[in-house]
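Notes follow once the structure below has been shown.
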Ligand code: SAH
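Residue numbers (this note's numbering): 48 to 444.
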């Protein structure tokens, strides 16, 4: 990719500061001049107004105009993807995530792995890859090859799943497809528990690997409790609660498909166990209708209520209302695991929303744990936008 035809974007004066601090995004408002004929997804060099080379990255139309791959250089090494993937795998190995009783983890978390716009989750010998930028879309075959050649990773299948993640205005019309291998069984193991992963039809890459550590913590609270896993999707929290010795586990999701996935995963780990029941129902309907004091361990892990800054206010109201319902109904001495995966909602804002729900209920609530995303979803310290998952474990008197 060391190409002398690489075009150059020039910034307005004094707009280079965040880049000098290694923030990998160049906003469109900072750009003085776009080169002629620059196309979406093209690799482009970025220079300050005084001509200083700032870095090189992928161009796209929109408010984030360039996602930088390298700083202080105007060339991209040909082996950039294989080198970045190698160091991403080395990190996961050092975290102890790649082992016989745990073969699913996030291998690439975008900016957090210095590959802005790229997500790769590993399920055994399958890598599920999502491009969030046209540049990564164009590089998909090179990345897929690098994944299958990644030493020691044992990746045989690469499924590309970007139909819903690429900016649709780019008109790339990506197809979800295997770029290497093909279907080859889809059971993944997380902390010794088995999960059917449906990357073809499931949400995101098929599973929420980001809740692995939080599910494990939940397991340690489950013994003898009556558990409600609200927004269960594949039933991750439910399966851990069962292993933790819960007295009963009710899993709720408004999607019938998600409810079926949960049933299958319970069956896989605890066949015929009468402690578990799935309900394909709306969360608020279920919470409104359920008996008070029925549950003493409740999990609330809803989809992002605020996907964009414009939805922040309503999103916070949503978190407050949802948590207020749980505080109203949870048994005395109960434990609430409550989450927000909205990137635009800060830790403080989420905590405040939960606090106002607690205040409204009039119950005494203590924070036992403050949770976040696991280490295979690293946050580049120069790119705080990479932090998205927040959770609280609360004891309700
Ligand atoms: N806790 C899950 C991930 C939850 S994803 C895990 O650990 O894997 C969010 C889930 O909420 C999705 O499965 C979605 O179908 C469900 N959902 C969205 N709106 C809902 C609603 N109003 N009531 C119940 N479930 C809902």
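Glycine included, C-beta positions come from ideal geometry on N, C-alpha and C.
*Is the beta carbon of residue 427 less than 7 Å from the beta carbon of residue 158?*
Residue 427 places its beta carbon less than 7 Å from that of residue 158.
- [ ] Return the bridge partner residues of residue 386 from the DSSP annotation.
- [x] Its beta-bridge partners are 438.
**Asked** Can you list the beta strand (DSSP E) stretches of 3 or more residues lying completely in the stretch 227–283, in chain order?
**Response** Listed in chain order, they are 234–237, 240–243 and 273–277.
| Is the distance from the Cβ of residue 93 to the Cβ of residue 56 below 7 Å? | Contact: yes.
Please determine if the stretch 180–190 and the stretch 256–269 are in contact, where contact requires at least 3 C-beta pairs separated by less than 8 Å.
The stretch 180–190, when compared against the stretch 256–269, does not touch it at the 8 Å Cβ threshold.
- Task: Compute every distance between the C-beta of residue 278 and the non-hydrogen atoms of ligand 1, then say whether any falls below 6 Å.
- Result: The answer is yes for residue 278.
Looking only at its own chain, which residues have a Cβ that is under 8 Å from the Cβ of residue 91, when we skip the five neighbours before and after it? Cβ neighbours of residue 91 beyond the five flanking positions: 53, 54, 55, 56, 82, 85, 103, 104, 105, 106 and 113.
Tell me whether residue 327, by its Cβ, gets closer than 6 Å to a heavy atom of ligand 1. No, ligand 1 has no heavy atom inside 6 Å of this Cβ.
* Between which two residues does the alpha helix (DSSP H) containing residue 337 stretch? -> It is not in any alpha helix (DSSP H) - residue 337 carries neither H nor E in the DSSP assignment.
Local conformation of residue 195 per DSSP, three classes: The answer is helix: DSSP assigns residue 195 an H, G or I state.
Would DSSP call residue 44 helix, strand or coil?
Examination of residue 44 is not possible in this model, given that the chain is present from 48 through 444 alone.
ask   = Given 8 Å as the limit, is there contact between the stretch 345–355 and the stretch 366–376, that is, 3 or more CB pairs closer than that?
value = The stretch 345–355 makes contact with the stretch 366–376; the number of CB pairs closer than 8 Å reaches 3 or more.
**Inter-residue spacing [alpha-carbon to alpha-carbon] between residue 321 and residue 292** = Their backbone Cα atoms lie some 13 Å apart in a straight line.
Task: 7 Å Cβ cutoff met for residue 96 and residue 60 - done: Closer than 7 Å, so yes.
request  = Go through the stretch 350–388 residue by residue and report every complete run of the beta strand (DSSP E) that reaches 3 residues or more, in order.
outcome  = Annotation note: the stretch 350–388 contains the following uninterrupted beta strand (DSSP E) runs of length 3 or greater, listed N- to C-terminal: 381–387.
Taking the alpha carbon of residue 396 as the point to measure from, which residue in 273, 435, 410 and 411 has its own alpha carbon closest?
Taking only the C-alpha atoms, the option nearest residue 396 is 435.
Q: Grab the span of the beta strand (DSSP E) containing residue 175 for me, first residue to last.
A: Where residue 175 is concerned, the enclosing beta strand (DSSP E) stretches over 173–178.
Open item on the list: I'd like to confirm something about residue 420: is its beta-carbon nearer than 6 Å to some heavy atom of ligand 2, or not?
Closed with: By its list of ligands, the structure shown excludes ligand 2, since it contains just ligand 1.
Practice prompt. Classify residue 123 as helix, strand or coil using the three-state DSSP reduction.
Written response: Here residue 123 sits in coil by DSSP.
Contiguous beta strand (DSSP E) assignments of at least 3 residues, all confined to the stretch 398–442 | The stretch 398–442 contains, as complete beta strand (DSSP E) runs of 3+ residues, the segments 412–419 (chain order).
task: Decide if residue 420 is buried, meaning its Cβ has at least 16 other Cβ atoms within 10 Å, or exposed.
output: By the neighbour-count rule (16 or more Cβ atoms within 10 Å), residue 420 is buried.
- Message: Excluding the 5 residues flanking residue 49 on each side, which residues of the same chain have their C-beta closer than 6 Å to its C-beta?
- Response: Below a pLDDT of 50, predicted positions are generally treated as unreliable, and residue 49, at 46, falls in that range; the measurement from the model is reported next regardless. Shown here for residue 49: same chain residues with a beta carbon closer than 6 Å to its own, the five before and five after excluded, namely 122 in chain order.
inquiry  = According to DSSP, simplified to helix, strand and coil, what is residue 160?
reply    = When secondary structure is reduced to three states using DSSP, residue 160 falls in the helix class.
Cutting at 7 Å between CB atoms, please list the residues of its own chain near residue 341, excluding the five before and the five after it.
Hits under 7 Å: 273.
query: residue 234 CB to nearest chain B CB: under 7 Å?
result: Absence of chain B from the displayed structure is noted, only one protein chain being present.
- Give the straight-line distance between the Cα atoms of residue 115 and residue 125, rounded to the nearest whole angstrom. So the two alpha carbons sit approximately 15 Å from each other.
When the Cα of residue 108 is compared with those of 198, 180, 360 and 250, which residue comes out closest? Of the listed residues, the one whose Cα sits closest to residue 108 is 180.
Quiz item: For residue 229, which residues of its own chain have a beta-carbon under 7 Å away from its beta-carbon, when the five flanking residues on both sides are left out?
Solution: Cβ neighbours of residue 229 beyond the five flanking positions: 204.
Exercise for the section: Report the residue from 150, 413 and 80 whose alpha carbon sits nearest the alpha carbon of residue 256. Expected result: For the residues 150, 413 and 80, the minimum Cα distance to residue 256 belongs to 150.
Touching by the beta-carbon criterion (3+ pairs, under 8 Å), the stretch 354–365 and the stretch 406–424: Below 8 Å, too few C-beta pairs join the stretch 354–365 and the stretch 406–424 to call them touching: fewer than three.
Contacting residues, own chain, Cβ-Cβ under 8 Å from residue 120 (five flanking each side not counted) | Contacts found: 100, 102 and 103.
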